[in-house]
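Peer 1:
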Amino acid sequence: MEKILEVENLEQKFDLSTGVLGKFKFKKGRLVKEERMVNAVNKVSFSIDKGKVFSLVGESGCGKSTTARTVIKLVEPKGGTIKFAGEDITNFTPGQMLKYRKRMQMIFQDPYASLNPRQKIIDIITEPMLFHKVANTKKEAEEKALELLHKVGIRPEQATRYPHQFSGGQRQRIGIARALAVEPEFIIADEPVSALDVSIQAQILNLLMDLKDEFKFSYLFISHDPLHPYTKVLLSAVPKLSGTNLKRSRLVKGEIPSAINLPSGCYFHERCPYARPICKEEMPTEKEVKDNHFVLCHLY
Amino acid sequence: MFFVLLTAIFGPYFTVQNPYDLSDIQLADAYKPPAYLEGGDAKFILGTDQQGRDILSTIVYGSRVSLFIGIVGTLLTCAIGVTLGLISGYFGGKIDALIMRIADVQLSFPTMLIAIFLMSLLGRGIANILISLALVGWVRYARIVRGEVLSVKKQEYIEATKVIGLPNFRIIAKHVLPNVITSIIVLSTMQVGSFILTEATLSFLGLGVPVTRPSLGMICSDGYQVLFSGLWWVSIFPGLYIMLIVFGINLLGDFLRDELNPKLK
């Protein structure tokens, strides 16, 4: 199976200290150089087959969105490799990224923040079309945009309105239409329904699946809620759940560990009900337990 | 405000004389008190000055100079300040640190001191006033615009433009600027008022406009020399008019701030 995206040992860190002076601190009467880094993403690896949905599930604050943002190169990765359609795009400059921008798009989490409040809906959709020459004239772009809006359930007469005149669900539909405007092969959906009403969530998810069938693209689907009915269905596609494959609600206790001072050994050992002494000492390595099913845990 | 603007634009057609056309002035008319006082002349409603110039006419002509300096000065300041603020806020990093440190240094001096210093370097003249006002005023714009850009930049719609791959210049011009324009407009109306005041102060100190095109501040200054010899009207009326203009501009600024804020509608 052809891979659309391969991510290996992806790392993302953010420097907390501001400027050069912020790195120095007084400790026990001495001036010490101390780097405070947030280790947002630690050696994440996964790959996505062409035309498939890949789901990335985890608690809030565990770095899912940062992974997404790094994969699409909104932030530069600090380690590891990202391969898109076989090509290593890890160290591409913005200029080199340009032609890949047309092939991968993103649907954002918060429909209230993801649309420019000063742009009309039609302009939001036609701008990427014209920029990436999906449409050559403004008229052609507008026709395509209206067609696209129709597909996501926005009526043509609503196209000249501004974002604040729409509800959250409608805005998310517009956000989806914008992502589809450049006819991408791969879409990252960063918790596309978490900001919406439960009643709307199912509609949007159905829309996303229908569109996938129609346009034949692949998804990286990010969700924080593994109990969600949709994710339950998708759960078979989830390769790992940070070491435990049983019901989380009963087994996981405590908060996710500080990303600034990472725990020793397995990052999960402080909260794992099956933790053994070795978990505190050593970082487990990747093991294939079934075909194409990898686990990072000392138990296996 | 409209009254002030209309007066400045069309006023010269209605005044009894052009106070800066020597052939129009009669020295014999000097030192006339306002019309409602004893010895006043109905022709000169607010009296005349030492050289027989009608005070009302000088106010009308002076307000043209003052408003011109206030408005053009603000536009110039706005252009410099907004550009630097956008660059500083959007790109961050070293360029941001550089611009903001310059701004901090400048803010640590009193505004007036810098303006006086610049004017004494450049010399009198309307163009020079505009330059020094712009050099003094850009800091406020840069800081406010930078702050707004920092919050707008984090919004997902800006990230969306980056995912599309739009060039930075286009993101700034089409997506960032329209979302910070409200505060720029509000700040600008306030700035016009404050520039008129700054200019008036500079002119009063003799560091402002040339004598041939006096502004309201200059007229005040001229009258100040004879203030205590009983000719109070020469200084007081232009002074009151400055107050009226600035008050009107500030009201307009408040109105715009409320009107352009969607949350208050």
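Residue numbers (the numbering used here), protein chains in the order written: chain A, 1325 to 1624; chain B, 7 to 271.
We put the CB at the ideal spot given by N, CA and C, even for glycine.
1. What is the DSSP secondary structure of A:Ser1389, reduced to helix, strand or coil?
2. From which residue to which residue does the beta strand (DSSP E) around A:Glu1330 run?
3. Shorter than 9 Å from the beta carbon of B:Leu172 to some beta carbon of chain A?
4. Could you check whether the Cβ of B:Glu265 sits closer than 9 Å to any Cβ belonging to chain A?
5. What residues from the stretch 1479-1498 of chain A come within 7 Å of chain B, judged by C-beta to C-beta, listed N to C?
6. Hey, is the stretch 1483-1492 of chain A in contact with the stretch 1506-1514 of chain A, meaning 3+ C-beta pairs nearer than 8 Å?
7. Check the Cβ-Cβ distances between B:Lys159 and every residue of chain A, and say whether any is below 9 Å.
8. Starting from B:Tyr163, find everything on chain A with Cβ-Cβ shorter than 7 Å and list it in chain order.
9. Suppose you measure from the CA of A:Ile1413 to the CA of B:Thr188; what does that come to, to the nearest Å?
10. Could you check where the alpha helix (DSSP H) with B:Asn256 kicks off and where it finishes?
11. Determine, using beta carbons only, whether A:Arg1354 comes closer than 9 Å to chain B.
12. Could you tell me the distance, in whole angstroms, from the CA atom of A:Val1517 to the CA atom of A:Ile1528?
13. Just checking B:Leu127 against the ligand COA - is the residue's beta carbon closer than 8 Å to any of the ligand's heavy atoms?
14. Which bits of chain B does A:Phe1455 rub up against, with CB to CB less than 8 Å?
15. Counting only beta-carbon separations shorter than 9 Å, does B:Ala109 have a partner in chain A?
16. On the three-state DSSP scale, how would you describe A:Lys1475?
17. Taking all protein chains shown into account, decide if B:Ala103 is buried (16 or more other Cβ within 10 angstroms of its Cβ) or exposed.
18. Let me know the secondary structure DSSP gives B:Arg146 once reduced to three states.
19. Can you find a CB in chain A that lies within less than 9 Å of the CB of B:Ala166?
20. Kindly say whether B:Pro116, judged by its beta-carbon, lies nearer than 9 Å to any beta-carbon of chain A.
21. List the endpoints of the continuous beta strand (DSSP E) containing A:Leu1544.
22. Would you report the Cα separation of B:Asn185 and B:Leu127, rounded to the nearest angstrom?
23. Around the C-beta of A:His1622, are 16 or more other C-beta atoms found within 10 angstroms, so that it is buried, or is it exposed?
24. CB-CB under 6 Å to B:Leu90, same chain, minus the five flanking residues each way: which ones, in chain order?
25. So, using beta-carbon positions, are B:Leu258 and B:Thr195 closer together than 9 Å?
26. Quick one: is B:Asn134 near chain A, going by C-beta distance under 9 Å?
27. Could you confirm whether any beta carbon from chain B is found closer than 9 Å to the beta carbon of A:Pro1401?
28. Taking the beta carbon of B:Gly143 as the centre, do at least 16 other beta carbons fall within 10 Å, making it buried, or is it exposed?
29. Cβ closer than 7 Å: which chain B residues qualify as neighbours of A:Met1607?
30. Pull out every residue of the stretch 1402-1429 of chain A whose Cβ sits closer than 9 Å to any Cβ of chain B, in chain order.
31. Could you tell me which of A:Leu1504, A:Gln1525, A:Ile1524, A:Ser1547 sits nearest to A:Lys1625, measuring between CA atoms?
32. Looking at chain B, which residues of the stretch 1442-1472 of chain A have a Cβ within less than 8 Å of any of its Cβ atoms?
33. Using a Cβ cut-off of 7 Å, pull out every chain B residue sitting near A:Asp1339, in sequence order please.
34. Under 7 Å between beta-carbons, which chain A residues line up against B:Pro184? List them in chain order, please.
35. Determine the extent of the alpha helix (DSSP H) in which B:Thr188 is found, giving its start and end residues.
36. Please compile the residues from chain B whose C-beta is within a distance smaller than 7 Å of the C-beta of A:Ile1396.
Peer 2: Working from what's here:
1. Looking up residue 1389 of chain A in the first sequence gives position 65. Helix at A:Ser1389.
2. Residue mapping note: residue 1330 of chain A aligns to position 6 of the first sequence, counting from 1. Counting along the chain, the beta strand (DSSP E) containing A:Glu1330 begins and ends at 1327-1339.
3. Counting from one through the second sequence, the residue named residue 172 of chain B turns up at place 166. Yes, contact with chain A.
4. Taking the first residue of the second sequence as 1, we reach residue 265 of chain B at position 259. Not one chain A Cβ lies under 9 Å of B:Glu265.
5. none
6. no
7. The residue given as residue 159 of chain B occupies position 153 in the second sequence. Output row for B:Lys159: interface = no.
8. Residue mapping note: residue 163 of chain B aligns to position 157 of the second sequence, counting from 1. Near B:Tyr163 (Cβ distances below 7 Å), the residues of chain A are Ala1437, Ser1438, Leu1439, Asn1440.
9. Along the first sequence, read from residue 1 onward, the residue named residue 1413 of chain A stands at position 89. Along the second sequence, read from residue 1 onward, the residue named residue 188 of chain B stands at position 182. Taking the straight line from one Cα to the other gives about 39 Å.
10. As a working note, residue 256 of chain B is residue 250 in the second sequence. Element bounds for B:Asn256: 238-266.
11. On the first sequence, position 30 is the one that residue 1354 of chain A refers to. Not one chain B Cβ lies under 9 Å of A:Arg1354.
12. Start at 1 with the first residue of the first sequence, and residue 1517 of chain A comes out as number 193. Start at 1 with the first residue of the first sequence, and residue 1528 of chain A comes out as number 204. The alpha-carbon atoms of A:Val1517 and A:Ile1528 are separated by roughly 7 Å.
13. Among the ligands in the structure shown, none appear at all, so the ligand COA cannot be discussed.
14. Your numbering for residue 1455 of chain A matches position 131 in the first sequence. Here the neighbours are Ile170, Gly171, Leu172.
15. Here residue 109 of chain B refers to the residue found at position 103 of the second sequence. Chain A contact via Cβ: absent.
16. Counted from its first residue, the first sequence places residue 1475 of chain A at position 151. Helix, per DSSP.
17. For the purposes of this step, residue 103 of chain B is taken as the residue at position 97 of the second sequence. B:Ala103 should be labelled exposed.
18. For the purposes of this step, residue 146 of chain B is identified with residue 140 of the second sequence, where counting begins at 1. It is helical.
19. Here residue 166 of chain B refers to the residue found at position 160 when the second sequence is read from its first residue. Yes, contact with chain A.
20. Stepping through the second sequence from its first residue, residue 116 of chain B is reached at position 110. B:Pro116 does not count as touching chain A.
21. Locating residue 1544 of chain A in the first sequence gives position 220, counting from the first residue. Run containing A:Leu1544: 1542-1547, per the beta strand (DSSP E) assignment.
22. To locate residue 185 of chain B, count along the second sequence from 1; it is residue 179. To locate residue 127 of chain B, count along the second sequence from 1; it is residue 121. If I take the Cα positions, the gap works out to 38 Å.
23. Here residue 1622 of chain A corresponds to residue number 298 of the first sequence, with the count starting at 1. Buried, by the Cβ-count rule.
24. In the second sequence, counting from the first residue as 1, residue 90 of chain B sits at position 84. Taken in chain order, the residues that qualify are Ile105, Ala148.
25. Against the second sequence, residue 258 of chain B aligns to sequence position 252. Against the second sequence, residue 195 of chain B aligns to sequence position 189. The answer is yes: Cβ separation under 9 Å.
26. Taking the first residue of the second sequence as position 1, residue 134 of chain B is located at position 128. False, the Cβ-Cβ gap to chain A never drops below 9 Å.
27. Stepping through the first sequence from its first residue, residue 1401 of chain A is reached at position 77. Not closer than 9 Å to any Cβ of chain B, the Cβ of A:Pro1401 fails to qualify, so no.
28. Sequence index remark: in the second sequence, residue 143 of chain B carries index 137 (1-based). With 16 or more other Cβ atoms within 10 Å, it is buried.
29. By one-based count along the first sequence, residue 1607 of chain A stands at place 283. Residues of chain B passing the Cβ test: none, with the nearest at roughly 32 Å.
30. Pro1418, Met1421, Leu1422, Lys1423, Tyr1424, Arg1425, Lys1426, Met1428, Gln1429
31. Since the displayed chain A opens at 1325 and closes at 1624, residue 1625 of chain A lies outside it and no answer follows.
32. Arg1442, Gln1443, Glu1451, Pro1452, Phe1455, His1456
33. Counted from its first residue, the first sequence places residue 1339 of chain A at position 15. Here the premise fails: no neighbours, minimum Cβ distance about 12 Å.
34. Indexing the second sequence from 1 puts residue 184 of chain B at position 178. Neighbours of B:Pro184 on chain A, chain order: Arg1442.
35. Residue numbering aside, residue 188 of chain B sits at position 182 when the second sequence is read from its first letter. First-last of the alpha helix (DSSP H) with B:Thr188: 183-210.
36. The residue you call residue 1396 of chain A lines up with position 72 of the first sequence. Result: Val169.
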